[in-house]
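**Student:** A single structure is presented below for examination.
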Amino acid sequence: MRPYCSAKRGGQQPTNEISHRGCASSRLTPSWQVAFSGVEKRLESLDATAESPLPRTPYRPLAWLAVAGGLGVAADHALHSRLEASLFGVWWIGAVIALVCAVCAGRRGGERAAAAALLVAVGWIGGAWHHACWNEFPAGDLGRFAREESAPACVVGVLADRVKVSPPGDRSPLRAMPAPLISETTLEVEQIRDGVGWRTAGGLTRLRVAGELHGVGAGDRVVVFAQLARPAPPLNPGEYDWAAHERRFRRNSELYCEYPRCVTVTSAAPQVGRDAPLAAVRDWCEQQLTANVPTRDAPLVLATLLGDQERLSESTKDAFLNTGAIHLLVVSGAHVALLAGMVWWIVQGVPLGNASRLTLMLATVAIYALVVGLQPSVTRATILTLMTVVALVSGRTPSMGNILGLAALAVLALNPCELFRAGTQFSFLAVAILFVLSRWEWRGEPRDPLRRMIVSYYSWPRRVVRRARQAVVAMTVSSLVVGVAMAPLVAYHFHIVTPAGILLTPLAGPLIAVALGAGLGVVTIGWFVPPVAWGLGWVCGTSLHLAEWLVQFAAEIPGSFFYTAGFPGWWSLVFYGVAGLWIALPRWRPQWPVQTFAALVWVAIGYAAIGFGRVAPDTLRCTFLAMGHGTCTVLELPSGQTVLYDAGSLGSPEAATKSIAAFLWSRGINRIDAIVLSHADIDHYNALPGLLERFPIDVVYVSPMMFDPVATGGDLTAPNYLRDCLVAAGIPLREVWMGDRLRTADADVAIEVHHPPREGLMARDNANSLLLAIEFDGRRILLPGDLESPGIEQVIADPAYDCDILLAPHHGSPLSDPPGFAAWCSPEWVIFSGGERDRTMLSQQSYQHAGAVVRHTAVDGAISCVVRRQAALDVSTYRSQ
């Protein structure tokens, strides 16, 4: 690795400055400062380079190789979605040609041409490697037997990972069915039952079991009776692609068991094997921590120190995510760095040489990384520590650019698909920002060697206070810079901006460090001194409990976080790409006024692009979202207003909220003008409280029977909870009935209520569903909710109402009189919103016999109907796109 060039500063050589300082203070400095005095000498050259009038481009070949490899991976990922042909051979041929060109150019003395050809070769190799990992699977992979609809299967395999147990979801009156406790692991498949015999199979699959698996661990051979299916693809625009997530880990199928007894162990894991020692160490650490920390804090301790986030409740994880403190909760590179620093401080009391101490520190870090798992952030931090130690032992200046490039190459070599994961991007971006920040003079350290010598003679209380002040300032400035720089990427992935995280990091960070140190003591020295273990366990748990309290407190402060649609992906790509070139090529940097102006212009372009592409002034868009057994219809009016008809699902209210919000953000929608709730069934409104947190909502319309005990069967728990949420948020709640028209900003858009009457019907809530009719440019859309008898007979008794688009009443239930209703409204298109298509086949046939075209959200995903003035009706499905 090539060191930075030195330059004169103030008429003195930097090396002389350091020598003077070292001689003056070595008598009073601790041993670890003496050991790293050589590092300070080398880092002085970095400061000199930074002040050079013509900064030289740093020599970071590994960083450029990592960039080239990442571009190749990204290119294959982009081409895969557009080309069906295999590109594996093309990538390898291109790589070979580029390598030959590099060798030829190198022999002829063309160093630049050889370097360029080498970068091209690495890029082509990256494309080939990604293509192989993404597309090449064995013929017997279990995913080839799976279909989108689940089917019974019997599979034999070996557990490739420990069993992770997730607690039931938080109780809520808006959850129609209680969420069970889930056990989850990865199964390495060996055989699948084929009739009366067995068939050889292979690959990895995710195994999920409703209930807790006891006596099952990694390495056990098991027989599993389960439902086999492919991972569910996204059905709505903007939704997270779980199928792609699983495919990145080479899992193309999933098994779901309704009972733990569906999993039977046929042979236990071998006591001696590749993963047995690490599993034993992890189990030991988990047992020691669980036994010695307070019971209330055990899930948080195991999540923070060992990476068991699945033990935490959804509310706890949401609080850390919403406040920007999620990096404190998960095992990340910060944990590895803290551990390395603690071990180095501890080994100062051991009578060993510096090389031995560094080796001991490195061994501890490596063991910890293997125990918690080689996630990209842990891999990156481990390699950074390893290469820094190697550089220090060999007497060379560690080049952070090269080390970070090597870490990126290692992550891509292990799994090139990690490039597209949010966690990987956050990890490397944060470290790169901190690396750049570390070269700036902002810490308040005196540059004059005489001043440094004077500071070294301060009394120890004054030095402690000074060090503490500098540490707080350093953490706050670092948190501010990293938070601001990463805000666009966080908003793109999670649609959230977290100002609270800037202050939480310096406040909660030291508590995490204390907990990590105490936890290390519990699993190392506490096992043979029980009182010490208990005391350290109390310190560990209490520190994390206080950190959690800080996070929960911050989450309740107005303005601590807010949701946003985020900038488009292409905007973020250009932004961070240009920023990377700005850092890597200092000679090409324009003057600061030009940089500031360009940044402001680009931010303005980003904000303008958020709403670009929405409905035109002469267009009405109606989108039926795929909500499983639930309903949500989004109306985008020509004026730009947004109206929702129902917002819920029979499943998790959090999942329903995320699906609706993801679609709205994908359309650049940051505000909801009105929500119309058809009736009091949970699957039609349980996402509304979550939407209240994410979007400003002007008004909510309900039927007169929404809170009537007769319509709800006497159970008003969920409706009253909804009303309390609306009152707390200050959202107006208004009743509408037959004959009412909703006022919009578009004079040529009519939204009218056709049912129920003001007095309602003496029947259940389905019969009192709001029947909403929307008309624009001669086109009609009919939204009947769960309309059933006797309400549907009353509607059919009115004059016929011809429509173009109909939402099938009650998800297509036969109880909604499909033949009679089809004859009454004569729809051209009928949209079924439900979880399973097979259950509505008779209703679909009734509408098809009436001449309608049928679409189902369970099969087609979100269905968009676009009405343009003086144009044909355009109906498209998300899955077909």
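With the first letter of the sequence shown counted as 1, position 576 gets the number 576 in the UniProt record's numbering; the numbers rise by one all the way through.
C-beta: ideal position from N, C-alpha, C; glycine also.
1. Which one of LEU677, THR397, PRO689 has the shortest CA to CA distance from PRO784?
2. Between which two residues does the alpha helix (DSSP H) carrying residue 915 extend?
3. Could you tell me which of GLN552, ALA661, TYR701, ARG694 sits nearest to ALA680, measuring between CA atoms?
4. For the alpha helix (DSSP H) that contains GLN375, what are its first and last residues?
5. Check whether the Cβ atoms of CYS257 and ARG193 sit closer than 9 Å, and answer yes or no.
6. Output yes or no for whether 9 Å exceeds the beta carbon distance between TRP64 and GLY405.
7. Out of TRP582, ARG587, ALA609, state which residue places its alpha-carbon closest to the alpha-carbon of THR596.
8. Whose C-alpha, out of MET486, HIS80, LEU637, GLY835, is nearest the C-alpha of LEU629?
9. Where ARG879 and ASN236 are concerned, what is the direct C-alpha to C-alpha distance, given to the nearest angstrom?
10. Tell me the rounded alpha-carbon separation between GLU788 and LEU691.
11. State the start and end residues of the unbroken beta strand (DSSP E) segment that holds VAL643.
12. Determine the DSSP secondary structure at THR631, reduced to helix, strand or coil.
13. For PRO530, which of PHE426, LEU289, ILE512, ASP241 has the nearest alpha-carbon?
14. Sort PHE832, LEU806, HIS755, GLY566 by Cα distance to GLY797 and report the nearest one.
15. Name the residue from VAL594, ASP715, ILE383 whose alpha carbon lies nearest to the alpha carbon of ALA340.
16. Looking at the structure shown, is CYS101 part of a helix, part of a strand, or coil, going by DSSP?
17. From what residue to what residue does the beta strand (DSSP E) around ALA269 run?
18. Could you check if TYR645 is buried or exposed, using at least 16 other CB atoms within 10 Å of its CB as the buried criterion?
19. For GLY202, which of helix, strand or coil comes out of DSSP?
20. Considering only their Cβ atoms, is the gap separating PRO461 from SER427 smaller than 9 Å?
21. What would DSSP say about HIS856, mapped onto helix, strand or coil?
22. Starting from the Cα of LEU118, find the closest Cα among GLY72, SER478, PHE832 and give me that residue.
23. Could you have a look at PHE553 and say whether DSSP puts it in helix, strand or coil?
24. State the DSSP-derived secondary structure class of ASN252, mapped to helix, strand or coil.
25. In angstroms, rounded to a whole number, what distance separates the CA positions of MET361 and MET453?
26. Do you know offhand how far residue 882's Cα is from ALA334's?
27. Does the Cβ of THR295 have 16 or more other Cβ atoms within 10 Å, making it buried, or fewer, making it exposed?
28. Between PHE553 and ASN670, what straight-line distance do the alpha-carbon atoms span, to the nearest angstrom?
29. Can the beta-carbon of VAL222 be found closer than 9 Å to that of VAL281?
30. Using the beta-carbon count (16 or more within 10 Å), is HIS849 buried or exposed?
31. Which residue spans inside the stretch 395 to 483 form an unbroken beta strand (DSSP E) run of at least 3?
32. Considering only their Cβ atoms, is the gap separating VAL753 from GLY730 smaller than 9 Å?
33. Exposed or buried, HIS214, counting other C-beta atoms within 10 Å across all chains shown (16 or more means buried)?
34. Any chance you could list the alpha helix (DSSP H) runs of at least 4 consecutive residues sitting entirely within the stretch 677 to 723, in chain order?
35. Using only CA atoms, which one of GLY106, TRP134, ALA121 lies nearest to ALA78?
36. Leaving out the 5 sequence neighbours to the left and right, which residues in its chain are closer than 8 Å to GLN881 when beta-carbon positions are compared?
**Tutor:** Straight from the coordinates:
1. LEU677
2. Summary: the structure shown does not reach residue 915, with the chain confined to residues 1 through 881, and so no result is reported for it.
3. TYR701
4. Careful: GLN375 lies outside any alpha helix (DSSP H) and carries neither H nor E.
5. no
6. yes
7. TRP582
8. The displayed chain sequence assigns His, not Leu, to residue 629. Considering only alpha carbons, the answer is GLY835.
9. 9 Å
10. 28 Å
11. 642 to 649
12. strand
13. LEU289
14. Rather than Gly, the amino acid found at residue 797 in this sequence is Ala. When only C-alpha atoms are compared, the closest one is HIS755.
15. ILE383
16. helix
17. No beta strand (DSSP E) holds ALA269; DSSP gives it neither H nor E.
18. buried
19. strand
20. no
21. strand
22. GLY72
23. helix
24. strand
25. 30 Å
26. Nothing about residue 882 can be read from this structure; the chain reaches only from 1 to 881.
27. exposed
28. 26 Å
29. no
30. exposed
31. none
32. no
33. exposed
34. 688 to 694
35. TRP134
36. none
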